[in-house]
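In the numbering used here, the protein residues as written are 9 to 396. Everything on this sheet refers to the single structure shown next.
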Ligand SMILES: *Cc1c(COP(=O)(O)O)cnc(C)c1O
């Protein structure tokens with residue numbers, strides 16, 4: 009279940025936020041919190057190494073700021089999803105190890121090599137292709153081997169691992185620096201799939217030549233030292249996410265989203281608000297219109313037709329419900345019960361210390377991961393800390 013922290017006392021964060029003149033809202037990214045999160049996770053898993061997953065533009069927060077901040081803190085291993093992301097990461101850091109999680113797909117080898125990145129080879133065909141490439145250029149090529157311990161998404165299944173083990177000439181062309189796998193249900197410590205995958209992973213890696221191993225992402229590392237192996241690969245937790253359903257991860261929020269109040273109006277009882285009139289005022293109501301919508305990453309499923317509950321925002325420290333449809337650029341919020349009068353020019357918290365990624369995700373019938381990675385396509389990104 010989502011925890012909803014209590015609302016603190018004034019001054020409320022949103023009341024002290026300034027939004028640049030031409031902007032409708034702002035995405036605040038606290039690079040000090042990000043770095044502290046990485047350090048806390050690194051301490052948690054030591055002596056295992058703590059890498060960082062920076063795929064999808066660092067979960068939407070901007071790899072150009074996130075990667076250098078983490079590298080400066082001592083992070084040496086980064087994971088991206090695609091060859092293009094690997095090139096972006098390489099341009100930011102000449103020395104780091106950069107793994108490509110999507111592996112080697114046809115035509116990708118040259119770009120992966122140009123980025124001096126390492127593909128997480130996820131099938132025998134990929135291993136054969138990378139080995140052929142190595143022979144062609146006359147050098148051993150570094151890579152990770154991604155084995156399938158039960159997620160059945162990417163990775164060499166048992167029979168391919170066995171066939172690979174029987175072909176030492178293939179492995180001779182390769183420098184396997186990591187054997188990795190990914191967990192399917194790590195957010196739930198009670199799920200027996202975790203122990204089953206741990207056992208399968210241990211079996212699979214022992215069929216292969218000895219190499220450092222990695223199994224855990226943000227939630228997996230919370231399952232305890234048995235899951236840490238040599239390297240962990242958190243993404244979401246670095247950005248303040250708390251998806252693990254056991255103990256709290258030792259991380260704090262990194263992201264806040266604030267939006268302007270554009271107008272406040274009175275709506276008579278029975279008055280319809282928003283597209284299709286899906287919400288009708290049950291009483292004389294004060295409705296604030298805020299400059300944030302689904303084009304900014306706020307889920308349209310946070311809409312609240314009459315009788316249903318949707319998302320909410322924090323204005324002057326009070327939680328006020330979104331009413332009616334979330335539209336592309338705007339939401340309407342019922343501020344009738346706000347203890348402080350809401351006025352044009354006020355600023356509301358849409359995501360932050362009170363409205364966590366998990367709470368906003370739940371209100372929009374999705375998960376915090378999706379909320380996070382969709383933010384900020386339009387909103388101004390403002391960075392604090394981390395040598396910003
Ligand atoms: C995205 C991803 C991660 C990071 O997952 P989080 O839950 O964000 O920590 C780690 N490993 C693999 C294979 C991934 O695809």
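We put the CB at the ideal spot given by N, CA and C, even for glycine. If you're wondering where the values come from, they're calculated on a predicted model, not measured in any experiment.
Bridge partner(s) assigned by DSSP for residue i
{"i": "residue 298", "result": "269 and 339"}
{"i": "residue 320", "result": "329"}
{"i": "residue 357", "result": "266 and 322"}
{"i": "residue 311", "result": "Residue 311 is not bridged to any residue."}
{"i": "residue 37", "result": "263 and 391"}
{"i": "residue 288", "result": "280"}
{"i": "residue 168", "result": "The partner list for residue 168 (beta bridge, DSSP) is empty, contrary to what the question assumes."}
{"i": "residue 154", "result": "188"}
{"i": "residue 57", "result": "239"}
{"i": "residue 274", "result": "294"}
Buried versus exposed, by CB contacts within 10 Å (16 or more), residue i
{"i": "residue 214", "result": "exposed"}
{"i": "residue 177", "result": "exposed"}
{"i": "residue 242", "result": "buried"}
{"i": "residue 339", "result": "buried"}
{"i": "residue 13", "result": "The pLDDT assigned to residue 13 is 47, lower than 50, so where the model puts this residue is not dependable, and the model offers no usable value."}
{"i": "residue 290", "result": "exposed"}
{"i": "residue 154", "result": "buried"}
{"i": "residue 120", "result": "buried"}
{"i": "residue 36", "result": "buried"}
{"i": "residue 316", "result": "exposed"}
{"i": "residue 205", "result": "buried"}
{"i": "residue 160", "result": "exposed"}
{"i": "residue 92", "result": "exposed"}
{"i": "residue 17", "result": "exposed"}
{"i": "residue 117", "result": "buried"}
{"i": "residue 167", "result": "exposed"}
{"i": "residue 1", "result": "Summary: the structure shown does not reach residue 1, with the chain confined to residues 9 through 396, and so no result is reported for it."}
{"i": "residue 336", "result": "exposed"}
{"i": "residue 387", "result": "buried"}
{"i": "residue 397", "result": "Outside the shown range of the chain, which is 9 to 396, sits residue 397, and nothing can be said about it."}
{"i": "residue 257", "result": "buried"}
{"i": "residue 5", "result": "Here the chain covers residues 9 to 396 and nothing more, so residue 5 does not appear."}
{"i": "residue 73", "result": "buried"}
{"i": "residue 156", "result": "buried"}
{"i": "residue 328", "result": "buried"}
{"i": "residue 385", "result": "exposed"}
{"i": "residue 145", "result": "exposed"}
{"i": "residue 200", "result": "exposed"}
{"i": "residue 333", "result": "buried"}
{"i": "residue 10", "result": "Low confidence applies to residue 10: its pLDDT is 43, below 50, so where it sits in the model is not reliable, and the reading given next is rough at best. So residue 10 counts as exposed."}
{"i": "residue 189", "result": "buried"}
{"i": "residue 127", "result": "buried"}
{"i": "residue 218", "result": "exposed"}
Any C-beta of chain B under 8 Å from that of residue i
{"i": "residue 260", "result": "Protein chains in the displayed structure number just one, and chain B is not present."}
**OP:** Starting from the N-terminal side, write out each stretch of the beta strand (DSSP E) that is 3 residues or longer and does not extend beyond the region 85 to 152.
**Re:** 85 to 88, 105 to 108 and 126 to 129
Subject >> Cβ contact check for the region 54 to 61 and the region 222 to 239: 3 or more pairs under 8 Å >> reply: yes
Original post:
Between the region 78 to 91 and the region 101 to 112, are three or more C-beta pairs nearer than 8 Å?
Top reply: yes
Subject >> Cβ pair count under 8 Å reaching 3, the region 42 to 52 against the region 280 to 287 >> reply: no
**OP:** Would you check if the region 339 to 353 and the region 379 to 391 touch, i.e. whether three or more CB-CB distances between them fall below 8 Å?
**Re:** no
**OP:** Mind listing, in chain order, the continuous beta strand (DSSP E) runs of no fewer than 3 residues lying wholly within the region 172 to 244?
**Re:** 182 to 188
**OP:** Could you tell me whether the region 184 to 203 touches the region 223 to 230, using the rule of 3 or more Cβ pairs below 8 Å?
**Re:** yes
Original post:
Does the region 62 to 79 touch the region 353 to 364, meaning 3 or more C-beta pairs lie closer than 8 Å?
Top reply: no
Original post:
Per the contact definition of three or more C-beta pairs closer than 8 Å, is the region 248 to 265 in contact with the region 26 to 40?
Top reply: yes
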